[in-house]
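Residue numbers (this note's numbering): 7 to 303. Data block below; observations after.
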Amino acid sequence: MTTALLSSSLHSLPLLARGKVRDNYAVGDDRILMVATDRLSAFDVVMGEPIPGKGALLTQMALFWFEKLKDVVPNHLTGDDPLSVVATDEVDQVRDRAMLVKRLKPLPIEAVVRGYLAGSGWKEYQANQSVCGVALPAGLRNASKLPEPIFTPATKADVGDHDENIAFEQAAALIGPELAAKVRDTAIALYQRAAEYALTKGIIIADTKFEFGLDADGTLTLMDEVLTPDSSRYWPISGYQAAFEQGANPPSFDKQFVRDWLEAQPWNKTAPAPTLPPQVIDQTAATYREAFRRLKG
């Protein structure tokens, strides 16, 4: 396996920003080189240890979904080779883990879609029987399938801060009612298409988050990553029912394994995070690989 990349360092392109996972570089005025590192974030805190192979896997999974969903909404891919815009001595940092994409005006919200009740949605439901202002039926339990997928937007947080769930009305105030409705409808359509496909591969996509931007013509465009284990809850169908009946979190192919380990540590969910032990790193890498293996079928 190649050496893990905790942080990229390209000298041939100007760095725009380092996110929780991706390092973005400017390629002229109209393109961005997105390099997926092997960093892992949980509870909006970046772990100090990389997950070897994670960045390349996330990139290949995102490309898989962009291709499968390209008829639902335009995406930010240019089709250009990422290796064509870096220096020869930088190729190893970029190969298999980068996307060369259009430069867009990003929308200031996360487009979260939930098909099942889990995570912060489950906590919010327990408090007021709704999620982000969407009223839900009584009697639902942890990991319950919802009557239909719901759109539960969130604000985008800076690295180290926490995303905040907001109501649709707040999203509409941020980006305008018409655009908010289009984002909602598009996000739900993307989720439904992906979730239906994943079921045929033995995987439940419990929830996911999309990011959108506007191109120079104002066209709504899918951007960043899409439907990876970093941005989605992936549950194997085979283990779901037993866990649901016990009121437990279903087994997963995402970073829930890391979250569960962190929850058991004496930690207040602010940086720095506890040091991940080798077995947690190895298990996380293995679950990510298994998710993609199953999806590709």
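We treat Cβ as the ideally placed atom computed from N, Cα and C, and that holds for glycine. The model shown is predicted, which means the values in this text are computed figures rather than measured ones.
Best match in the options for proximity to residue i [C-alpha to C-alpha]
i: glutamate 237; options: Leu226, Thr227 and Glu217; result: Here residue 237 turns out to be serine, not glutamate, going by the sequence shown. Taking only the C-alpha atoms, the option nearest serine 237 is Glu217.
i: valine 27; options: Ala42, Gln198 and His17; result: Ala42
i: leucine 220; options: Arg24, Arg239, Gly59 and Leu113; result: Leu113
i: asparagine 171; options: Ala195, Val137 and Tyr197; result: Val137
i: proline 257; options: Leu228, Gly303 and Gly208; result: Gly208
i: glycine 253; options: Ala222, Gly245 and Asp260; result: Gly245
i: glutamine 198; options: Pro153, Thr290 and Asn274; result: Pro153
i: tryptophan 241; options: Ala297, Pro272 and Ala195; result: Ala297
i: serine 90; options: Gly145, Leu19 and Asn274; result: Leu19
i: arginine 239; options: Gly61, Thr281 and Ala201; result: Ala201
i: asparagine 274; options: Gly303, Ala212 and Ala48; result: Ala48
i: alanine 160; options: Gln176, Gly125 and Gly61; result: Gln176
i: valine 100; options: Pro143, Gln66 and Asp77; result: Gln66
i: glutamate 55; options: Ala10, Ser14 and Val232; result: Ala10
Own chain partners of residue i with C-beta closer than 8 Å, once the 5 adjacent residues on each side are dropped
i: alanine 292; result: none
i: phenylalanine 72; result: Asn81, Leu83, Leu228 and Val232
Contact belief for residue i with residue j at Cβ below 8 Å, rounded distance in angstroms
i: valine 119; j: threonine 214; result: 6 Å
i: asparagine 134; j: leucine 228; result: Rounded, the Cβ-Cβ distance is 31 Å, inconsistent with contact.
i: phenylalanine 40; j: alanine 104; result: The amino acid at residue 40 is misidentified as phenylalanine; the sequence shows methionine. Yes, methionine 40 and alanine 104 are in contact; Cβ-Cβ is about 6 Å, under 8 Å.
i: valine 79; j: leucine 226; result: 6 Å
Cβ-based burial, residue i [other Cβ within 10 Å; buried from 16]
i: isoleucine 287; result: buried
i: aspartate 95; result: exposed
i: asparagine 148; result: buried
i: isoleucine 57; result: buried
i: lysine 261; result: buried
i: arginine 299; result: exposed
i: lysine 129; result: exposed
Cβ-based neighbour list, residue i, same chain, cut-off 6 Å, excluding 5 preceding and 5 following
i: isoleucine 38; result: Asn30, Val107 and Arg109
i: aspartate 230; result: Glu217
i: valine 52; result: Lys26 and Arg45
Contacts around residue i, its chain only, beta-carbon distance under 7 Å, and the 5 residues preceding and following it disregarded
i: isoleucine 194; result: Val119, Pro155 and Phe157
i: leucine 146; result: Leu123 and Tyr131
TODO: List in chain order: all unbroken alpha helix (DSSP H) runs of 4+ residues lying wholly within the stretch 168-249.
DONE: 174-181 and 183-206
- [ ] For the stretch 26-94, list the alpha helix (DSSP H) runs that are entirely contained and at least 4 residues long, ordered along the chain.
- [x] Complete alpha helix (DSSP H) runs here, min 4: 60-74.
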